[in-house]
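The structure appears right after this line, and notes come after that.
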Amino acid sequence: MSSTPRKGSAWVTCANCSAIITQKDTAIHERNCPPSNGCSTHNYILSGTLYSTLDIYTSPEPPKNISDQDTHDMVFMSQSALELCHIAIGDRVVLTSETGVTVKKAWPIYDKSLTTVSLTRTSSEISGIKGRVRVKKINSTPPSAKEVLIQSIGKVSKVKITTDLQILIKNFNERKLFCVGSRIGLPYYGKTLVFKVIKISGNEGIIKTIEEGFEKMRISEKAPLFFEALYNTKWSLIDDEPSIVNQKIGTEIGLKDIGGYEKLIEELKDMLDIIFEKSKPIKGLKINKGILLYGTEGVGKTAITSALLSHYDINVFPLNSSDIVTQSGGKLDTYISEIFSKAKTQAPSVILIEDLDTLCPKKMGGLSENEKRISGILIKEFNELQKSDVATFVWSTTSKIDSINSSLRRPGRIDREFEVPAPTPRMRKDIIYKLLMKFPHSLMEKDIDQIAFVTHGFVGADLDCLCCRAAMNATKRHRNFCDREDDVQVTVEDFNYALTQVKPSAMKEVLVEISNVKWSDIGGQKDLKLKLQQAVEWPLKHPEAFERLGITPPRGLLMFGPPGCSKTMVARALATESKLNFINIKGPELFSKWVGESERAVREVFRKARQVAPSIVFIDEIDALGNERSSGASSPGNQVQERVLAQLLTELDGVTALGNVTLVAATNRPDRIDKALLRPGRLDRMVYVPLPDYETRLEIFKIKCRQMPIDEDVNIPDLVDLTEGYSGAEVQAICHEAAFKALEDDLNASSLSKEHFKAALASVKPRTPRALVEMYEEYVNRIEN
């Protein structure tokens, strides 16, 4: 891109796309030229329209000769931006964002950046304008409004237009511009009344309804038709709905705010287009009227629901389980039937049931009378709805799809089920990108890629929490070192801090504190480290290599060897270095005296692991869990162990795919483990962790002595020669014992001498008998041959 500096200005004109940008944004514009009007992260002017990010106007006092109330009707921009957009002071401009549209008067501001677009906080909250905005001058003369129909949407409910309020509305809104969907904030006796424009009738006979207005906005993507309110414009207020209120889903979340789930949203839109006859169905097609959205908690079911229903701007009738359980007897039938009846009479509409599993559960022990009654009523209403031709359907969500009464999940009722999966790294990148549009930040694309890669198991709610925590840290840092509000930017360092504070919500029940052990802290074991990297790191970093060769990553790895040879320490280093979600359990922890509880504990561990995949399940002392099954009669304790083993085998190689979950196990007795657990496809890799050889002991001594002050007379190779047959834990114990010997001699000792190590060697003896080592070697020979 070549650019031409504008004479005597900090602005630059792009020779490629004719966009006008600031000189500091030249580099980012080069990477995104021509800019995408809906997704660009930098600010620019194109065809007289300023594309920027909304700021909140903060000033100790309003502009000269301007009241505080008048500032709510203004948008504040830099003088040079006004000139480049051909906007004069006081001109009416339209502000458009994904969350709303409004008209304000332009006013210059001199102490902000060149591309600043600022509204007062009150104005932003009432109009719904936030995030990325477009500002353009209104050049045409708008038609005058004959009648405006409004609805109260604020916290103050059941507002009635009295004579005083009618006069106040006329005076307050005279000569202002509105479109269908505009929001009006009216100060009234110390309160702020908020209204939404539902319909506008023009003097020329132009009638705009809210459906037509928003449909035009979405299809044509042009500015909606604005009308000018005059003093003789009639203002009418529609009454609130009695008892059961149909709700319009607010436009706070739009489809463009949802990242990562484009394919799912398109599938849902295709189906809703048919229901609402936006796509003509094949003749004779019976349209399904039940949809179930399921996925783990926090994955984004509610956000997708809100965005889609807001996109279609339909009447929504929530069916809340909390409201239903308070009904009794005949009132229960009447309450549910009334909701379905009202929804059908006010089509197009949707009946929204969140957490369907709590309303119509499936229980092993049978349902209560009330639960049976609710299920029966819903099934009857579903059947009647399916037979009708009205554009009304049921939208339900759940986090526990297997806990829903199966009678509701058959064809003719809720037979279209859509999973909202846990996001992949690519989806997480898209979600983070959309979330970051709310904050000023300095992150590059490579930074977002890295954050998306390391946030294994994070769902949408977790990523939102992560971004908020990073923004809070940026605010705290800014408060400590700076006073200018526009200097606040979220940086990579803020996200690095947030990653230490925010963990996947699904891991909160099983998350364990892992000591910060790295590969460099472990001496030797090169073969073991390589095989762990092949099983865990290679599938994540080089998935294309596995696909190219038509193979799947190893399911599991078993470490076996004498006690004290760093098997558990290696698992800790794997957790630290891989940065994967790490679930650490010990074999005996899964056993319970209650029938079925041990198997359930195994299922729950792997369910959690799949939910936060890619993840590692580390089972220490697996010989207690996977003991070889006996052929004869067994005791009750052995029966439990056999059932747990069967469940473990099912989880590793059953119908439900293990996914990106790797099982890492450790044992001192591999000969006791059932052969079915050791076959390929389960614990694919078996690694013998022997007593450390000369090179390994040398590395261990070097690592320990780096952390300890030792005298020059201490010869590490001599110590290595004297520790033949010692395990890694015993080598480490020698160093610790030498330190204690030094403290025995002098509590103020500052270093360890050769004599201290000699005394430690006399005290710490190898405890691994030669017979045990021979048993391991014989076992290795047997499995290799």
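Just so we're aligned: the sequence shown equals residues 1 to 785 in the UniProt record's numbering.
Ideal Cβ positions, reconstructed from N, Cα and C, are used throughout, including at glycine.
Values in this document were obtained by computation on a predicted structure and should not be read as measured data.
Confirm, please, whether the CB-CB distance from residue j to residue i is below 7 Å.
i	j	result
Ser399	Glu297	yes
Leu652	Arg685	no
Thr102	Ile138	no
Trp519	Glu577	yes
Gly550	Thr696	no
Val93	Val133	no
Lys579	Val454	yes
Ile153	Lys196	yes
Val720	Leu743	no
Using only alpha-carbon positions, find the residue among the options that is nearest to residue i.
i	options	result
Ile336	Glu369, Leu308, Ser375 and Asp313	Ser375
Ala646	Gly659, Val617 and Leu677	Leu677
Glu262	Phe393, Arg426, Asp746 and Lys344	Arg426
Gly728	Leu722, Glu744, His756 and Pro692	Pro692
Val687	Lys531, Ile126, Arg706 and Ile710	Lys531
Phe495	Thr662, Val12 and Thr475	Thr475
Pro187	Lys136, Leu719, His72 and Arg679	His72
Glu295	Val661, Arg610, Trp538 and Ala88	Rather than Glu, the amino acid found at residue 295 in this sequence is Gly. The shortest Cα separation from Gly295 among Val661, Arg610, Trp538 and Ala88 belongs to Arg610.
Leu95	Ala88, Pro62, Thr53 and Gln69	Thr53
Pro318	Ile339, Phe618 and Thr302	Ile339
Thr358	Thr397, Phe393, Ile700 and Lys344	Thr397
Arg410	Lys289, Gly596 and Asp527	Lys289
Gly259	Arg477, Thr22, Val459 and Ile291	Val459
Pro163	Trp107, Gly561 and Trp235	Looking at the sequence provided, one finds Thr at residue 163 rather than Pro. The shortest C-alpha separation from Thr163 is found at Trp235.
Gln346	Glu537, Asp313 and Ile734	Asp313
Leu114	Tyr44, Ile432 and Val714	Tyr44
Thr58	Ile109, Glu83 and Met775	Ile109
Thr392	Ala470, Ile783 and Asp273	Asp273
Asn315	Arg183, Ile21, Glu30 and Val394	Val394
Val689	Gly659, Val612, Tyr776 and Pro60	Tyr776
Arg555	Gly659, Asp462 and Ile150	Gly659
Leu499	Asp462, Leu540 and Ala307	Asp462
Ser306	Lys586, Lys105 and Gly254	Gly254
Met437	Asp671, Ser97 and Arg603	Ser97
Glu724	Ala575, Asn65, Phe701 and Ala739	Phe701
Tell me the DSSP bridge mates of residue i?
i	result
Ile619	Ile585 and Ala665
Met686	Leu558
Thr22	Trp11
Arg416	Ile291
Pro361	Ile404
Pro187	Thr192
Leu237	Ile150
Leu119	Ile56
Trp519	Beta-bridge pairing links Trp519 to no other residue.
Val394	Gly290 and Ile351
Arg134	Tyr51 and Thr96
Glu774	According to DSSP, which records beta bridges pairwise, Glu774 is partnered with nothing at all.
Leu177	Glu228
Val644	Val644 is not bridged to any residue.
Ser124	None, per the DSSP bridge assignment.
On the criterion of 16 or more Cβ atoms from any shown chain inside 10 Å, does residue i qualify as buried, or is it exposed?
i	result
Ser310	buried
Pro614	buried
Ser349	buried
Pro709	exposed
Lys342	buried
Glu778	exposed
Lys199	buried
Gly561	buried
Gln641	buried
residue 787	Outside the displayed range of the chain (1 to 785) lies residue 787, so it cannot be described from this structure.
Asn232	exposed
Pro680	exposed
Glu784	exposed
Thr251	Note that Thr251 scores 46 on pLDDT, short of 50, meaning its location in the model is unreliable and no value can be drawn from it.
Val245	Because the pLDDT of Val245 is 43, which lies under 50, any placement of that residue in the model is unreliable, and the question is left without a value.
Asn405	buried
Met444	exposed
Arg121	exposed
- [ ] Could you tell me which uninterrupted alpha helix (DSSP H) segments, each at least 4 residues in length, are contained entirely in the segment 37-111, listed from first to last along the chain?
- [x] 68-71 and 79-84
Task: Complete runs of the alpha helix (DSSP H) confined to the segment 693-764 [at least 4 residues] - done: 694-706, 716-722, 728-745 and 754-763
Task: Segments assigned alpha helix (DSSP H), at least 4 residues, entirely inside the segment 275-321 - done: 301-312
TODO: Note down, one range per segment and in chain order, each alpha helix (DSSP H) of at least 4 residues found wholly within the segment 442-476.
DONE: 445-454
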